[in-house]
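Protein chains in written order, with this note's numbering: chain A, 77 to 282; chain B, 77 to 282. Glycine included, every Cβ here is placed at the ideal spot set by N, Cα and C.
Number of protein chains: 2
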Amino acid sequence: MRISELSARAGVAIPTIKYYLREGMLHQGEQTAATRAEYDGTHLRRLRMIRALLEVGRLSVASIKKVIESVEDESLPTHEMLGTAHYALSPAVEPEPDEEWQAARADVDALVEELGWDVHSDAPTRDELAQTIVRMRQLGVSIDLAPYAEAARKLVAEVEMGTIPFDGPRDAAVEALVLGTVLYGRAFDALRRMAQESESARRMTR
Amino acid sequence: MRISELSARAGVAIPTIKYYLREGMLHQGEQTAATRAEYDGTHLRRLRMIRALLEVGRLSVASIKKVIESVEDESLPTHEMLGTAHYALSPAVEPEPDEEWQAARADVDALVEELGWDVHSDAPTRDELAQTIVRMRQLGVSIDLAPYAEAARKLVAEVEMGTIPFDGPRDAAVEALVLGTVLYGRAFDALRRMAQESESARRMTR
Chain A
77 MRISELSARA GVAIPTIKYY LREGMLHQGE QTAATRAEYD GTHLRRLRMI RALLEVGRLS
137 VASIKKVIES VEDESLPTHE MLGTAHYALS PAVEPEPDEE WQAARADVDA LVEELGWDVH
197 SDAPTRDELA QTIVRMRQLG VSIDLAPYAE AARKLVAEVE MGTIPFDGPR DAAVEALVLG
257 TVLYGRAFDA LRRMAQESES ARRMTR
Chain B
77 MRISELSARA GVAIPTIKYY LREGMLHQGE QTAATRAEYD GTHLRRLRMI RALLEVGRLS
137 VASIKKVIES VEDESLPTHE MLGTAHYALS PAVEPEPDEE WQAARADVDA LVEELGWDVH
197 SDAPTRDELA QTIVRMRQLG VSIDLAPYAE AARKLVAEVE MGTIPFDGPR DAAVEALVLG
257 TVLYGRAFDA LRRMAQESES ARRMTR
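What follows is the structure, given as structure tokens:
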């Protein structure tokens, strides 16, 4: 297909496509004349992945480049490639040097161990959860995370993992991971607040 | 207690306390001398609630004033007072006039009906979920929300509702609702991404 068709089908403006080509984020098309190149499904798929990372994952162009590097490094196993995209979605959390932080981080590590989860010791999610626990302690919110962990595991294993095409093209898997992570996260958050309203109504009006 | 002690115990600077007093967000202390007023536990509780709304809930001062109005309106049942704080925490979503939106919103209404949940027909969470469904459809993400709804209901009913002191002071209940809603939401999000990493590792390395 011509660049105009690629643009229309991907929903990405032509100047933006040209920018991605210049930056090496999108592979060149097949040159069929001096001013004409032919693009195919692999270009469309890459553009969809970039859009998902940019618009839904809200990643910076610098982070997207890192994800693309790992997609293109075929020596990297799929799990680690997906890990790169996944870690890029995590908010950056700076560990703090105080005891309160260390205690919370130790609690996170103990929880992961107890759950038997296979989470890298450097995963940013460990610090992210530690930070939330510090905040809960400071504010006197009771902490009972086991039911949340179990609910998360169940939803991920029974629903979300089924939506990721592990055996298909690598950028399609990244796209599905990012869209699923962010959009199911938003849906759950809205549903949880609906459940709060409903349960509150039930308790108060009975 | 004096304003300096109130400041230290609430973790709110004296000029900020004076601002809240001027704006009517905090009730006046008991004047014990021309330049001295005495504050008590009700002031401390109100400051804690304001901090929770501001720092954890990220509400604007204008929204906080609305919540305070409903806390002070004793004729408002507790459930409706909490609803005001709760709705203020929802991201503002503008319904769109097109068919895609109408269809998604109708699906949300059908889901709530099917679940038998007691959620107001004007609740902002309905539009929020509709917007997420529109996005999922546009991006080709499969939609199976029933397991998410059930998990949300269970966590809210079995864990979160127990943390809200429905029978205590009204501002303590609002504080607990806001802290619980936001912080448990963050904790769940981190746990869900950990579960994704773990399940992905299990599938790919087996």
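- In the DSSP annotation of this structure, R134 of chain A is not part of any beta strand (DSSP E), being labelled neither H nor E.
- Look at the beta carbons and you see the region 153–168 of chain B touching the region 259–273 of chain A: at least three pairs across the two are nearer than 8 angstroms.
- Look at the beta carbons and you see the region 122–132 of chain A touching the region 82–91 of chain A: at least three pairs across the two are nearer than 8 angstroms.
- Residue contact with chain B for Q272 of chain A: present (Cβ-Cβ distance below 7 angstroms to some residue of chain B).
- Counting along the chain, the unbroken alpha helix (DSSP H) around Q214 of chain B starts and ends at P200 to Q214.
- Residues of the same chain with a CB within less than 8 angstroms of the CB of P171 of chain B, apart from the 5 flanking positions on each side, are W177, R181, D203 and A206 in chain order.
- Bounds of the beta strand (DSSP E) holding Q107 of chain B are E106 to A109.
- Contact of M125 of chain A with chain B by beta-carbon distance below 7 angstroms is absent, the smallest such distance being about 11 angstroms.
- Rounded to whole angstroms, the separation of the alpha carbons of L129 of chain B and I140 of chain B is 7 angstroms.
- The region 207–222 of chain A makes no contact with the region 221–232 of chain B; the number of CB pairs closer than 8 angstroms stays below 3.
- Taking C-beta atoms as the reference points, M77 of chain A and Y115 of chain A count as a pair closer than 7 angstroms.
- In its chain, beyond the 5 residues on either side, Y163 and S166 have a beta carbon closer than 6 angstroms to the beta carbon of P200 of chain A.
- Per DSSP, A113 of chain B is one residue of the beta strand (DSSP E) stretching across R112 to E114.
- With a threshold of 7 angstroms between beta carbons, Y96 of chain B makes no contact with chain A.
- Taking a cut-off of 8 angstroms for Cβ pairs, the region 181–200 of chain A and the region 100–113 of chain B do not touch, as fewer than three such pairs fall below it.
- The region 218–251 of chain B is shown to contain whole alpha helix (DSSP H) runs of 4 or more residues at 222–234, in chain order.
- If you draw a 10 Å sphere on the C-beta of T118 of chain B, you find fewer than 16 other C-beta atoms in it, and that means exposed.
- Residue environment: A266 of chain A is assigned as buried (16 or more neighbouring CB atoms within 10 Å of its CB, all protein chains considered).
- Annotated three-state conformation of G87 of chain A is coil, per DSSP.
- Chain-order list of chain B residues neighbouring Y224 of chain A: L231, V235, Y260, A263, F264 and L267, by C-beta distance under 8 angstroms.
- For the 7 angstroms CB-CB criterion, A233 of chain A and I240 of chain A do not form a contact.
- In the DSSP assignment, M125 of chain B falls within the alpha helix (DSSP H) that extends over G117 to R127.
- Residue contact check for W177 of chain A against chain B: no CB pair falls below 7 angstroms.
- Between D220 of chain B and V235 of chain A, the gap from beta carbon to beta carbon is short of 7 angstroms.
- Here M157 of chain A carries a helix assignment [DSSP, helix/strand/coil].
- For S218 of chain B, the nearest CB of chain A lies under 7 angstroms from its own CB, placing it at the interface with that chain.
- At a cut-off of 7 angstroms between beta-carbon atoms, L129 of chain A makes no contact with chain B.
- Going by beta carbons, V147 of chain B and V258 of chain B fall outside the 7 angstroms limit.
- In this structure, the alpha-carbon of L82 of chain B lies about 56 angstroms from that of E99 of chain A.
- Using a 10 angstroms sphere on the CB of E189 of chain B, the tally of other CB atoms stays under 16, which defines it as exposed.
- Not a single CB atom of chain B sits nearer than 7 angstroms to the CB of L152 of chain A.
- Around the beta carbon of G256 of chain A, 16 or more other beta carbons lie within 10 angstroms, which makes this residue buried.
- Taking a C-beta cut-off of 7 angstroms against chain B, the contacting residues of the region 141–169 of chain A are P153, T154, H155, L158, G159, H162 and S166, listed in chain order.
- According to the DSSP assignment, E175 of chain A belongs to the alpha helix (DSSP H) that extends over E175 to L191.
- When B:A222, B:K142 and B:R213 are compared, the shortest CA-CA separation from R268 of chain A is found for B:A222.
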